[in-house]
Each structure stands twice: as C-alpha cells, then as structure tokens.
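A.B. asks: To start, I am sharing the structure in question, which I have written as structure tokens.
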Amino acid sequence: MALYRVKIFSLFERFWHWSQMLLIVVLLITGFGLHGFHGIFSFEQAVTLHTSAALALLVLWIFSVFWLFTTRTWRHFIPTVSGMWGVLRYYSFGIFKGERHPYRKAYWRKHNPLQALAYLMLKIVLFPAIWISGLAYLFYFAWRDLPRATEWLTGIAMVHTAAAFLILAFVFIHVYMLTTGHSFRDHLMPMISGFDEVDLSPEEEAYLRKDQPGDIR
Amino acid sequence: MRASIAILISLLALCFAAPVSAARDNWPTPPAAPVSPPQVSGPLQGGTADHAKFEELQGPFASGSEVTEACLGCHTEAGQHFMKNIHWTWSYVHPETGQQLGKRYLINNFCTNSRGNEGMCAQCHAGYGWKDESFDFTDETKIDCIVCHETTGTYYKTPNSEGHEACSVMFAGKPPIDLAAVARSVALPERANCGTCHFKGGGGDNVKHGDLSTALTEPPRTLDVHMGVDGLNFACTACHVTNRHVWAGSRYRIISKDTEGTGLPGQRTDVATCESCHGLSPHPVDSLASFKLNDHVQSIACQTCHIPEFARGGVATVVDWDWRTAGKTRDGEGYHEEGYIQGNGEHRYTYKSIKGNFTYDENVVPDYAWFDGQMIYTTIDTKFDPSAEVIEINGFTGSREDADSRIWPFKRMHTWQPYDKGNGTLVYTHLWGEDDAAYWGNYDMGESIAKGMADFGLDYSGEFGFIETLSWWPITHMVAPKEEALACGDCHAPEGSRLASVEGVYMPGRDHNPWLDIIGTLLVGGTLAGIIIHGLVRFFSPKGEHH
Chain A
855 MALYRVKIFS LFERFWHWSQ MLLIVVLLIT GFGLHGFHGI FSFEQAVTLH TSAALALLVL
915 WIFSVFWLFT TRTWRHFIPT VSGMWGVLRY YSFGIFKGER HPYRKAYWRK HNPLQALAYL
975 MLKIVLFPAI WISGLAYLFY FAWRDLPRAT EWLTGIAMVH TAAAFLILAF VFIHVYMLTT
1035 GHSFRDHLMP MISGFDEVDL SPEEEAYLRK DQPGDIR
Chain B
1013 MRASIAILIS LLALCFAAPV SAARDNWPTP PAAPVSPPQV SGPLQGGTAD HAKFEELQGP
1073 FASGSEVTEA CLGCHTEAGQ HFMKNIHWTW SYVHPETGQQ LGKRYLINNF CTNSRGNEGM
1133 CAQCHAGYGW KDESFDFTDE TKIDCIVCHE TTGTYYKTPN SEGHEACSVM FAGKPPIDLA
1193 AVARSVALPE RANCGTCHFK GGGGDNVKHG DLSTALTEPP RTLDVHMGVD GLNFACTACH
1253 VTNRHVWAGS RYRIISKDTE GTGLPGQRTD VATCESCHGL SPHPVDSLAS FKLNDHVQSI
1313 ACQTCHIPEF ARGGVATVVD WDWRTAGKTR DGEGYHEEGY IQGNGEHRYT YKSIKGNFTY
1373 DENVVPDYAW FDGQMIYTTI DTKFDPSAEV IEINGFTGSR EDADSRIWPF KRMHTWQPYD
1433 KGNGTLVYTH LWGEDDAAYW GNYDMGESIA KGMADFGLDY SGEFGFIETL SWWPITHMVA
1493 PKEEALACGD CHAPEGSRLA SVEGVYMPGR DHNPWLDIIG TLLVGGTLAG IIIHGLVRFF
1553 SPKGEHH
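Residue numbers (our numbering), protein chains in the order written: chain A, 855 to 1071; chain B, 1013 to 1559.
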C-alpha cells in the first residue's frame, strides 16, 4: 500500500456538494428568518427563496441518489465500526497531543468511519425529516380539511424546525472539522480539485494507471 | 465543468428570479382612468328609453306617490317585485336559525331600535309615510321609486311624523323638491342613491358600518378600487346585482366562503362575493408567492388582506357609544358638543343630549376572527343573565375546523346602552314622538323604555340599567388597490401580527414552540461552545509531530 494523489471526488460530486452547500445556507438563513429569528428578508421574499431553494435541492438530491446507486458510490456510506474507536479517541485526546489522524483514505472508503456514519445519518434521518416535513408544510392547503390538520401542522412544523437546528449544528461541526489534522486548505482542496491522498493497493494503482490515467497523479 | 457551472447558475437563477416576478405590478388592479367612465350599475348598460321624454313624467306631481303611480303605469310588475325585498319589508326570517330579523324588529347598539320610532327611522324606508303600525305594506303606491333612481341629487326625505320640536327643527327650511324634474331624471341607481341611507346608518356619516361613508360617493380608486371614479367607477349595484328588485349580498345571511366562483353566462348572478367575479384562484400564478396566496383563499377572506384599514377617505366611524351620559341639559334644553375633526376637516359631534357620548376612529385596523357567515342576534325576545357583563348584539360563530369559516375582518362596535335590569332583556326605547314619553325632547329614559315596551305588549320590569354591548360589522367595502394590500409579514410575524388573536391554526412566523426554540438554541450554542473549547484546547496543547 502506498499514498497517491487520486481523484476521489468526481465533477458531479463536487457540483453536488457545493450547490448543496449554497442551497442549505440559503435555506438556513431564510428558514430561521421565516421562524422569526431575524428580519433580513420580508416574509414574502423569504418564503420565495426558501421554497425555490428547497425545490432546487430536492431536484439535486434526486440526481444524487441516482448517481450514488448507478455508480455504486453509495458503498462509501455503509456504516462500519472498524476503526471507529481510533477516530473517536483521536478527536477526544490524540488531536490535543498532535497525533496523526488514524484514518487513511482508501479508494473505496473515502470517508473515515465517523464521517461515514455522520453523513449516513444526515442522508437517511435529518434530510428526509426536513424534506418530508417541508413538503407537507408547503402543501398544507392540500390537506387542511383532513381531521386534526392543525395539530398535524404544528407537529410537522416542530419536526421541520428541530431538523433545521440539527442541520445548523452539523454545518458548524462539519466546517470546524476542516481545521483539524491537516490544514484547513488541505481539507478543502479535494472538494475543489477532486484530488486527495489515498492509500492504494498495487492492483488499484495498476487499474487506475491503465484505465483512468487522468484520475491518478 | 462548463456544464456544471451552467446548472449551478440556473439553480441560482431559480432562487432569485421568483422574487423578481413576484414584484407587484398593476395587474389585475385597474389602472387609473384619465377620463371618468359613467357609473357601472349592474350588467345592463345603454338603456333604450330616455325617461326625460316620457309624457307620464312631465308632471306636475303633488306627492311622491303620484310619481310612483306614473312609474307603475309602465313598470307594471315592479311594485309586486319590490314589495318582497327588505328595503320594503324591513323584515327577514333567517332560514337556518329561524330568528326574526330585519330593521323592523332588531335592536342595535347605535340608536337601538327603529320599532316605535318609525316616524324618524323610516326616513330610510323605501316608501312613503311609515310612522306607526298602521302603515299599509300592501299599497304599491307607497313605494318610493325615486329615492333609489333619481339622479338630480335634489331629492331628500324628512321624518314621517313631526317628532318633538327639539329634533324637528333639524329638518326645517329645506328647499322644495321639483318632483317632475326628479321623476324625469330616473336611471339605474348610483352610489349616491344607495348612500343616502347606507352611508349614514346609525345616525350619521359612516357611524354604523365603518366601510360605508360619503367618501364613497365620489371616491378615488385608492379608497375603493372598484368604485373609484378614476378607475372602474362601479355603482353599488355592479356587485349587488339585482334580480326582480332583490339584491345580491346580505348582512343577515353572509357567504363567508364562496366555493362556486364565477358563473358562465346564464349562471349565478345572485351573489356579491369577491369570488363571483374574481374566481377561486384570484391571484395570477406568476410566482411562488401567488401560488401560496391562492391557497390562502381557503382560510382567509379576500377582505382580510385587501381592506387593510376601514373608515378611510377622511370620514370617521363611531366605535364607542355611551348612552349613560345622554339626557344632560343646559337650561332645560338639549345640546351637543363637537370634539372630533375628521380627516376631511369636518367636525363631528362627540356628545349629544339625545344620544350620549361618541368615540370616533379613522383608518381603523379591523379585528379578525374565524367567521362562518352566521350571526346570532340578541333580539328583543332574547333573555340573558341581568348581571352579564357584555352582551353581543350579533355574536357570530366560526372556527378553523368549520369548512365554511374563513378569517374575516370586523369593525367592533362597543356601546353602553339601556336594558331591562329586572328581566335581563334589551329594550325598545321610545325615542321619537310628539308625546311626553319620547326621549328625544323629554330625556327620561325610564319613561321612554316603559312606553317603548308597552306599545308592543312587551314585558318590562320597570327597572332599567346600562349594559355593555358589542356588535360586529364584517368589513367588505373600501377595497384598496392591490399595491396596498397586506403583505405576508403583516400576519406572519412573531410580534404585532394582524392575526395575533386568531386561534386554531399554526401560522409560520407567528407561532413557534418556545421549548423547541430554547432546546434548539442551546444545541446550536452548545455546539459552537464545544467547537471553541475544542479549538482552544488544541491551540494550547503541546504540538506533536507536524504533518
């Protein structure tokens, strides 16, 4: 095994990440504005921006789910406990002593176990919670005549708001994590250039050199 | 890469294009017309007869009834049609509650009751000579055609009985009416015709309704976008469409939620709801906001957003009336005081010996509530607990759960008025008359009630007091141009929401769960604190090997 600079984030993944980031920032700012925490936008502007961004994000997610399953990259997000303890220990203690991060990216494992679990939870818990509640919220007037609609709306609003708080907390931790280990720039660049240092087996290296020479430097 | 940039840009464009297209243009608000069009009075336009040329209308006429006979000579069925409407009967039995309603019977919290005071109040009866119970409601010649149809503006009515001289002096010295000229001027009713009575309900300009005042006689479109002389110039009957002299739109049976919308030719002409012209999706779907606004039609009456304030245009409305102070005299004479200057510069009475104290308001933000169109009246027959604090003259029902209810704007009228303290009922007061019991002239409330009740065989305990009453007036006129309609944030706001008191619905922006907000804020705050602490510990920790 040896370290190489390998393209681990394809063009689509980078586009996905950054447009998702932009949309989530718009959604968080307008959403908390709608909730009454600030008045940067008028309610009408905030609703328009929030709804537009949400619909755009849903379209993006549809593409990303299609991408994940057709490219088999969904496997990066399979949860594993292998190596989890080391990562947890590192962030709790090792990092303060200046230890090396215990995890090495592998070609079919570009996230460390903690990352993979966090992103998986985001994908299957928080994001569905917010978009399902959000769509129900948006189309309230289509079901307002059902029994107990008001109580349902109150519950839906609470789920939506709670998920928003959790996503905001995730965003803070996610950005902070970039400052750990290597430099902030070293963490950021792979999501821009696509390339990062990856532990490759000789077979993987040989495969890339022959079939995807542009993906390895 | 170029493709992805294009996608990103188009996503961004989607985010920002929508608010731009939501910018308020002038559609469908009619733009200001450079030349005032003639008043639009119902669907029929361009009549084929010039009444000024009719031999029958050349006069002379000795009385209004003679004019009516001339009218009925050609309009043979008009009399029978007319005698069925409430302008004539002043009576309405509600088909659902069975309550006997109508001006003839009801008690309000202005001048309280017309019953027994017809000599004065029936000036606004579309007939001639109703001063007491002997009036013949089957006599077609007693119909007053010209009050609604004349267009000279010189016609007026005076009380049907003399009344006490303290009051009758108000009607002295008016110029004589040229009935022949008035008769030849007849046309479809204009705002001024209806306004003769409807703008002055409750005893003065805009006293009663709040959204019907003389400001609407020649209003700018900014005051009412339909009636504006520089806009559509609608007469009342453009919306209150008439079928056999029966008008669409009723205060006794209100359509709070129209689910039918517009009619094709030949279909519904019997309604005066906003939806009957504007349809059930009134906002053009050119933005996300309009899409949401069209959804709101299910919960919010059009009037709620489109009449941001009533009693606009410089004419104030009375919002509080205190009968307790009535009856004060100076040297044995009644008097009045002016204490309010309204927007158009006119002085208004704030005290009258015959009526008590008034409080005025202008540019009033309405009260808002769920309303199903059903008013439940406290009538002369209603018994209530004599120690009750507030009586609703016309309480109403409605809720979020009710399919017919929407959130409506109301004028709230508060009054202290006399009631029967012994029996727990409202009372008929005998205000107008030539006798010694008439309050207007004699200022003895006890005697006035005793006679007012006895004349109609009603039980009176002999002991009266004053009780607080409320009446609710759904607001539906003075529709502002759309640029001045409420914005989303006027209701969807944590502080100062127009709908702050409206219950039964979760409104984003207005409502939130305080616990969730506290926990969420602690979570995010705690995350940030954790990050800072983690970062600080890292910063001050001994550096190990550098990568």
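Backbone N, C-alpha and C define an ideal beta-carbon position, used for all residues, glycine too.
Please list, in chain order, the chain B residues whose beta carbon lies closer than 7 Å to that of H892 of chain A.
C.D. replies: Those within 7 Å of H892 of chain A in chain B number zero; the least Cβ separation is about 11 Å.
A.B. asks: Do L971 of chain A and M938 of chain A have their C-beta atoms closer together than 9 Å?
C.D. replies: Yes, the Cβ-Cβ distance between L971 of chain A and M938 of chain A is below 9 Å.
A.B. asks: Anything in the region 1493-1527 of chain B with a Cβ closer than 9 Å to a Cβ of chain A? List those residues in chain order, please.
C.D. replies: Within the region 1493-1527 of chain B, the residues whose Cβ lies closer than 9 Å to some Cβ of chain A are A1499, C1500, G1501, D1502, C1503, H1504, A1505, P1506, E1507, G1516, V1517, Y1518, P1520, G1521, R1522, D1523, H1524 and N1525, listed in chain order.
A.B. asks: Looking at the secondary structure, which residues open and close the beta strand (DSSP E) in which E1287 of chain B lies?
C.D. replies: Segment E1287 to H1290 is the alpha helix (DSSP H) holding E1287 of chain B; no beta strand (DSSP E) there.
A.B. asks: Relative to the C-alpha of E998 of chain B, which residue among B:G1434, B:E1130 and B:A1492 is closest?
C.D. replies: One cannot answer for residue 998 of chain B here, as it falls past the ends of chain B, which runs 1013 to 1559.
A.B. asks: Return the Cβ separation of K1096 of chain B and V1258 of chain B in integer angstroms, given the expectation that the two are a contact with Cβ distance under 8 Å.
C.D. replies: 6 Å between Cβ atoms; contact.
A.B. asks: How many whole angstroms separate the CB atoms of A1016 of chain A and G1532 of chain B, which I take to be in contact at a CB cut-off of 8 Å?
C.D. replies: A1016 of chain A to G1532 of chain B, Cβ: 7 Å. Contact.
A.B. asks: Could you give the C-beta distance for W1420 of chain B and P1320 of chain B, rounded to a whole number, given that I count them as a contact under 8 Å?
C.D. replies: Between P1320 of chain B and W1420 of chain B the Cβ distance is about 14 Å, and since that is not below 8 Å, they are no contact.
A.B. asks: Determine the extent of the alpha helix (DSSP H) in which K1304 of chain B is found, giving its start and end residues.
C.D. replies: Segment L1300 to H1308, the alpha helix (DSSP H) holding K1304 of chain B.
A.B. asks: With a floor of 4 residues, list each alpha helix (DSSP H) that falls wholly inside the region 1106-1154 of chain B, ordered by position along the chain.
C.D. replies: With a minimum length of 4 residues, the continuous alpha helix (DSSP H) runs that stay inside the region 1106-1154 of chain B are 1130-1133.
A.B. asks: Less than 9 Å between CB atoms is the rule here; does T927 of chain A satisfy it with respect to chain B?
C.D. replies: No, T927 of chain A does not count as interfacial toward chain B.
A.B. asks: Considering only DSSP beta bridges, list what L1438 of chain B is partnered with.
C.D. replies: BP columns for L1438 of chain B point to B:Y1431.
A.B. asks: Taking A1044 of chain B as the reference, which of B:V1237, B:T1101, B:M1182 and B:E1413 has the closest Cα?
C.D. replies: Among B:V1237, B:T1101, B:M1182 and B:E1413, the Cα nearest to that of A1044 of chain B belongs to B:V1237.
A.B. asks: On the criterion of 16 or more Cβ atoms from any shown chain inside 10 Å, does C1086 of chain B qualify as buried, or is it exposed?
C.D. replies: Flag for C1086 of chain B reads exposed.
A.B. asks: Does the region 1375-1384 of chain B come within contact of the region 1303-1322 of chain B, defined as at least 3 CB pairs closer than 8 Å?
C.D. replies: The region 1375-1384 of chain B is in contact with the region 1303-1322 of chain B.
A.B. asks: Are the beta-carbon atoms belonging to T1234 of chain B and P1493 of chain B less than 9 Å from one another?
C.D. replies: Cβ distance < 9 Å, so T1234 of chain B and P1493 of chain B count as in contact.
A.B. asks: Whose CA, out of B:S1513, B:G1445, B:P1430 and B:H1099, lies closest to the CA of R1256 of chain B?
C.D. replies: Ranking B:S1513, B:G1445, B:P1430 and B:H1099 by Cα distance to R1256 of chain B puts B:H1099 first.
A.B. asks: Straight-line CA distance for R1265 of chain B to S873 of chain A?
C.D. replies: The alpha-carbon atoms of R1265 of chain B and S873 of chain A are separated by roughly 55 Å.
A.B. asks: Hey, is the region 1073-1082 of chain B in contact with the region 1263-1277 of chain B, meaning 3+ C-beta pairs nearer than 8 Å?
C.D. replies: Taking 8 Å as the limit for Cβ pairs, the verdict is that the region 1263-1277 of chain B does not touch the region 1073-1082 of chain B.
A.B. asks: Can the beta-carbon of Y1440 of chain B be found less than 9 Å from the beta-carbon of T1164 of chain B?
C.D. replies: For Y1440 of chain B and T1164 of chain B, no; Cβs fall outside 9 Å.
A.B. asks: So, at 7 Å on beta carbons, what are the nonlocal neighbours of D1416 of chain B in its own chain, with the 5 sequence-adjacent residues on each side left out?
C.D. replies: So the list reads S1268, K1269, D1384 and G1385, once near-sequence residues are dropped.
A.B. asks: When burial is assigned at 16 or more other CB atoms within 10 Å of the CB, is F1552 of chain B buried or exposed?
C.D. replies: The residue is exposed, with fewer than 16 neighbouring Cβ atoms inside 10 Å.
A.B. asks: Nearest chain B C-beta to D1053 of chain A closer than 9 Å, yes or no?
C.D. replies: False, the Cβ-Cβ gap to chain B never drops below 9 Å.
A.B. asks: With a Cβ-Cβ cutoff of 9 Å, do N1129 of chain B and H1442 of chain B count as a contact?
C.D. replies: Against a cut-off of 9 Å, the Cβ pair of H1442 of chain B and N1129 of chain B comes out as a contact.
A.B. asks: Would the C-beta of A1499 of chain B count as close to the ligand GTP, meaning under 8 Å from any of its heavy atoms?
C.D. replies: Only the bare structure without any ligand can be found here, which leaves the ligand GTP out of the picture.
A.B. asks: Nearest to T1008 of chain A by CA position, among B:P1554, B:M1519, B:V1536 and B:I1544, is which residue?
C.D. replies: Per the Cα distances, B:M1519.
A.B. asks: Compare the C-alpha of H1308 of chain B against each of A:L1054, A:H871, A:K861 and A:L992 and name the closest.
C.D. replies: The shortest C-alpha separation from H1308 of chain B is found at A:L992.
A.B. asks: Pick helix, strand or coil for L1528 of chain B, following the three-state DSSP scheme.
C.D. replies: Residue state, collapsed to three classes: helix.
A.B. asks: By Cβ distance, which residues of its chain are closer than 6 Å to V1241 of chain B, with the 5 residues on each side in sequence left out?
C.D. replies: Cβ neighbours of V1241 of chain B beyond the five flanking positions: S1048 and E1230.
A.B. asks: Taking 9 Å as the threshold (beta carbon to beta carbon), is I1543 of chain B in contact with chain A?
C.D. replies: Interface residue, yes.
A.B. asks: Report buried or exposed for M1182 of chain B, applying the criterion of at least 16 other Cβ atoms within 10 angstroms of its Cβ.
C.D. replies: Exposed, since its Cβ has fewer than 16 Cβ neighbours within 10 Å.
A.B. asks: What number of angstroms, rounded off, separates the C-alpha of Y1061 of chain A from the C-alpha of M855 of chain A?
C.D. replies: About 14 Å.
A.B. asks: Rounded to whole angstroms, what's the CA-CA distance from C1002 of chain B to A1381 of chain B? Just pull it up for me.
C.D. replies: Residue 1002 of chain B lies beyond the range of chain B shown here (1013 to 1559); nothing can be said about it.
A.B. asks: Residues of chain A with CB closer than 7 Å to the CB of S1460 of chain B, please, in chain order.
C.D. replies: In chain order: nothing, as chain A lies at least about 49 Å away.
A.B. asks: Need the endpoints of the beta strand (DSSP E) that A1192 of chain B sits in, please.
C.D. replies: That residue, A1192 of chain B, is in no beta strand (DSSP E); its alpha helix (DSSP H) goes L1191 to R1196.
A.B. asks: Answer yes or no: does any C-beta atom of chain A fall closer than 9 Å to that of K1269 of chain B?
C.D. replies: Closer than 9 Å: no.
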